[in-house]
Amino acid sequence: MSPILKTVATFEEFSLVVDCLWESNIDPFNPFMNIIVRIKEPTAEGVAAAVQEMKECLWKTHKADKYSVWVYIVDEYEHGEEPGKVLAGAEWLFHEVNPFEEKKDDEKQKNKNDEIENGEKKEEGDNSLGSWWPEELSMMFTHPDHRCRGSGSLLMEYGMRKTTEMNVEALVEATAGGLPLYEKFGFRTIEIITIDTACRGGKPGFLWLKMANEIKGKTT
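So in the numbering used here the end of the sequence shown lands on 222, straight run, no missing numbers.
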């Protein structure tokens with residue numbers, strides 16, 4: 003079997019890719035996942051419900067953004083077309099124009115905000131959202147069992163080819179774990195962002211304190 007890159011076309015595919023996203027970010031746990039995964043009950047059922055909700059929110063956002071492209075890596079059987087396990091995935095945003103200058107800006111922002119819980123989690127999520135760039139690697143992940151085997155490079159090669167075709171620069175808001183790969187493809191650090199956990203809406207509640215403690219001192 004050899005790994006190949008595919009583009010997400012259906013929700014069924016997307017569901018498998020997001021399963022990989024979740025598994026990739028819980029080993030080790032990435033506290034930034036708290037922004038898009040709303041686990042209301044600390045049970046297996048509660049986690050499953052939260053992951054399903056995340057799938058639906060991310061799919062809705064993807065379908066509302068014409069510049070969003072989700073790609074993923076699978077092991078393709080040498081004989082036949084049945085795909086194997088999703089090894090890695092990424093969302094690239096290829097902006098032809100500044101999306102914040104388009105007429106549907108308000109609608110797109112609402113779709114983004116739908117991913118984030120109202121109240122405390124929403125405010126902290128808003129504080130962490132980035133700004134516009136012609137080409138952006140929105141997120142990338144590799145399953146723990148398949149790291150350092152070339153899947154990330156395949157995803158990066160796809161995006162960098164698009165960068166060359168569009169003749170634009172690209173941006174990724176990276177965590178420390180991804181820096182070596184991004185630097186391999188010519189990315190450089192232009193700003194270090196420390197997540198602002200200050201609560202400006204009165205006394206913080208339990209949810210805010212939990213999230214703030216988990217991402218305290220984290221940078222992108």
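Yeah, the Cβ is synthetic: ideal placement off N, Cα and C, and Gly gets one too.
If you compare alpha carbons, which of the options is closest to residue i?
{"i": "residue 34", "options": "6, 196 and 91", "result": "196"}
{"i": "residue 172", "options": "45, 148 and 140", "result": "140"}
{"i": "residue 9", "options": "193, 71 and 207", "result": "71"}
{"i": "residue 145", "options": "7, 27 and 13", "result": "27"}
{"i": "residue 15", "options": "150, 74, 178 and 36", "result": "74"}
{"i": "residue 163", "options": "183, 185, 96 and 149", "result": "96"}
{"i": "residue 99", "options": "168, 205, 183 and 202", "result": "168"}
{"i": "residue 89", "options": "4, 185, 184 and 207", "result": "4"}
{"i": "residue 158", "options": "201, 202, 207 and 93", "result": "93"}
{"i": "residue 184", "options": "202, 161, 170 and 18", "result": "161"}
{"i": "residue 11", "options": "30, 65 and 187", "result": "65"}
Along the alpha helix (DSSP H) that carries residue i, what are the first and last residues, could you check?
{"i": "residue 77", "result": "Per DSSP, residue 77 belongs to no alpha helix (DSSP H); it is in the beta strand (DSSP E), 70 to 78."}
{"i": "residue 9", "result": "Run containing residue 9: none in the alpha helix (DSSP H); it sits in the beta strand (DSSP E), 4 to 9."}
{"i": "residue 36", "result": "Premise fails: residue 36 is in no alpha helix (DSSP H) and is neither H nor E."}
{"i": "residue 16", "result": "13 to 27"}
{"i": "residue 58", "result": "46 to 66"}
{"i": "residue 152", "result": "From DSSP, residue 152 is part of no alpha helix (DSSP H); its letter is neither H nor E."}
{"i": "residue 182", "result": "181 to 186"}
Between which residues of its own chain and residue i is the CB-CB distance below 7 Å, once the five residues before and five after are set aside?
{"i": "residue 23", "result": "91 and 143"}
{"i": "residue 229", "result": "Residue 229 lies beyond the range of the chain shown here (3 to 222); nothing can be said about it."}
{"i": "residue 55", "result": "40"}
{"i": "residue 17", "result": "57"}
Looking at the unbroken beta strand (DSSP E) that takes in residue i, where does it start and where does it end?
{"i": "residue 174", "result": "172 to 174"}
For residue i, is the classification buried or exposed, using 16 other Cβ atoms within 10 angstroms of its Cβ as the cut-off for buried?
{"i": "residue 57", "result": "buried"}
{"i": "residue 193", "result": "exposed"}
{"i": "residue 150", "result": "exposed"}
{"i": "residue 153", "result": "buried"}
{"i": "residue 204", "result": "exposed"}
{"i": "residue 179", "result": "exposed"}
{"i": "residue 176", "result": "buried"}
{"i": "residue 138", "result": "buried"}
{"i": "residue 45", "result": "exposed"}
{"i": "residue 166", "result": "exposed"}
{"i": "residue 191", "result": "exposed"}
{"i": "residue 63", "result": "buried"}
If I measure Cβ to Cβ from residue i and keep anything under 8 Å in the same chain, skipping five residues before and after, which residues do I get?
{"i": "residue 42", "result": "48, 51 and 52"}
{"i": "residue 21", "result": "53 and 88"}
{"i": "residue 25", "result": "145 and 146"}
Suppose the cutoff is 6 Å on Cβ atoms and the five residues either side in sequence are ignored; what does the same chain contact list for residue i look like?
{"i": "residue 156", "result": "7 and 75"}
{"i": "residue 148", "result": "89"}
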